[in-house]
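Only one structure is covered here, and it is reproduced in the block below.
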Amino acid sequence: MIMPKHTLYTAIIVLATFILCCSVAQAHKIRVFAYAGDGKITAEAAFSSGRPAKNSQVTVHNGNGDTLLTGTTNDKGIFRFTIPRQAKATGMDLKIVVDVGEGHRGSWLLNASDYGGAQSADSAVGSSAKNSYNGESNEKSSGEGSSAAPPATPSANNPNCQGIEAAVETIITKELAPLKRMIAQQRVHQTSLQDIIGGLGYILGLAGILFYFKAKKHTSSNTGENT
Amino acid sequence: MHISEGVLNAPVLIGCGIATVGFTAVGLKKMDLERIMNVSLLTSAFFIASLIHVPLGPGSIHLVLNGLLGIVLGWSCFPSILTALLLQAVFFQYGGFTVLGVNTIIMALPALCCYYLVRPWLRKNGKKRSIAAFAGGFLAILLSSLLMVLALITSDKGFFDTAAIIFAAHLPLMLVEGVTTMFAVLFLAKVQPDFLHDHYDIPTNTTFTEK
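Residue numbers (the working numbering), protein chains in the order written: chain A, 20 to 246; chain B, 677 to 887.
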């Protein structure tokens, strides 16, 4: 069967329109991302069309799959929770699962280092014997862009120093929050034109492979009939 | 329409996986040389249609086009939909590998039903063909929703309420799909009537010609 030329052209035009539509329209995968700040973890859930996933069930698991806490997202698809003490103490990775119902769910893995799990455990213990070490750990955590330690941590003997440290920490947390959100958001895979064209290429390739095998069978059966 | 990973339990996943392998084998066997290009064209359409977003319903819904695939491809819709879903899982992160079988069954089985229910009516010209094509698109989503509900219920009884929501959520999609399928079939009938030929019919294809 040979396609008439105009049909082929229409098919190409239709496909091209589809592809153009795609760059605008998106579909319904659930995007979840989370970031830490100010002793809390903020999880955001949205459909890939950008609409927030409202009133969806959120479950936070640890690495072993045990549920640590549950909750629901608000009108903006945001769920905020304080970092669980045991998670902080043991430095466990948190898996945040958002279930929208209808069999749709998305998840996000927040590594312990992303919210300052094990490090802030030291400051939570808060013994004055650890002062010198503590300052170092705070420095490290802000350097990594995670300032999960609460601002009120008693980290220095000098009350003046303590106040300044707390103030700096609040400011850094505030300034870093949008950055963290942006970085977390970028780690969510976005469908790009390459993906679409790549997929179409695979389909064509598979069709070619099928052609090869079917044609092989075809010719062999034809020659069989001829002889 | 794609069920995400980690929602369903193992027996459903495995059962549907095995069924998918069987149906796909039949579909591949029934696909002859002349139809490969039709199949791959419609696979491309199915693959991309999922990116076309319909802003209706409480969540977010996209075109599925499984009715169209079923009507045009018949048994070949199984390999076609399986391929498209695999690529969607790889490139768009829809569904996933473990739920590939379930999702294929959910979308391809209704497509096959539509093939048997609707296809005979497409020989008719004019209004009857339009109505049949609309019904094809509509029914495919209706049956897909039904299968989705069944899959969710057998996995977890607590999902019953969600199952009721699925029907409500997919109702607009049924209409949209019906209209899309209708226009697609009418377009094909006009431009490329070959697409709507049954290969069994080829000797007596006079019934299919457009006036």
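C-beta atoms are modelled at their ideal positions from N, C-alpha and C, and glycine is treated no differently.
- Excluding its 5 nearest sequence neighbours in each direction, Leu763 of chain B has C-beta neighbours in its own chain below 6 Å: Phe723, listed in chain order.
- Within its own chain, the residues whose Cβ lies closer than 6 Å to the Cβ of Leu798 of chain B, once the five positions on either side in sequence are excluded, are Arg805, Ala808 and Leu872, listed in chain order.
- Per DSSP, Leu704 of chain B is one residue of the alpha helix (DSSP H) stretching across Ala686 to Lys706.
- Contact between the stretch 684–693 of chain B and the stretch 854–868 of chain B is not established, with fewer than three Cβ pairs separated by less than 8 Å.
- Straight across, the Cα-Cα distance linking Ile60 of chain A with Gly125 of chain A is about 17 Å.
- With respect to the 8 Å criterion, Asn742 of chain B and Ala811 of chain B are not classified as neighbours on the basis of their beta carbons.
- For Gln181 of chain A, the secondary structure class from DSSP, reduced to helix, strand or coil, is helix.
- Rounded to the nearest angstrom, the Cβ distance from Leu745 of chain B to Leu718 of chain B is 5 Å, consistent with a contact under 8 Å.
- Close partners of Lys233 of chain A in chain B (Cβ separation under 9 Å): Met707, Asp708, Leu709 and Ile712.
- With the criterion set as a beta carbon lying under 9 Å from some beta carbon of chain B, the members of the stretch 125–136 of chain A are Gly125 and Ser126, in sequence order.
- Ala65 of chain A places its beta carbon 8 Å or farther from that of Ala55 of chain A.
- Excluding its 5 nearest sequence neighbours in each direction, Ile190 of chain A has no C-beta neighbour in its own chain below 8 Å.
- Secondary structure within the stretch 73–99 of chain A: the beta strand (DSSP E) runs of 3 or more consecutive residues, fully enclosed, are 76–80 and 86–91 (chain order).
- Exposed is the label assigned to Glu194 of chain A, since fewer than 16 other Cβ atoms lie within 10 Å of its Cβ.
- Put simply, the CB of Gly746 of chain B is far from chain A, with every gap to its CB atoms at 8 Å or more.
- Here the stretch 749–760 of chain B makes contact with the stretch 693–708 of chain B; the two share three or more CB pairs at distances below 8 Å.
- Using a CB distance below 8 Å, the part of the stretch 836–855 of chain B facing chain A consists of Thr838, Ile841, Ile842 and Ala845, ordered along the chain.
- Collapsing the DSSP output to three states places Thr830 of chain B in a helix.
- About 6 Å separates the CB atoms of Asp118 of chain A and Ser75 of chain A; that is less than 8 Å, so the two are in contact.
- At a C-beta separation below 7 Å, Phe52 of chain A has no neighbours in chain B, since its nearest C-beta there lies roughly 13 Å away.
- Interface flag for Gly218 of chain A against chain B is set, since a Cβ pair is found closer than 8 Å.
- Judged by DSSP secondary structure, Tyr54 of chain A falls within the beta strand (DSSP E) whose first and last residues are Ile49 to Gly56.
- When C-alpha distances from Ala725 of chain B are compared across B:Phe754, B:Leu739, B:Leu851 and B:Pro796, the shortest belongs to B:Leu739.
- Contact check for Phe52 of chain A and Val77 of chain A: beta-carbon distance about 13 Å, past the 8 Å limit, so the pair fails to qualify.
- At least one C-beta of chain B is nearer than 8 Å to the C-beta of Gly120 of chain A.
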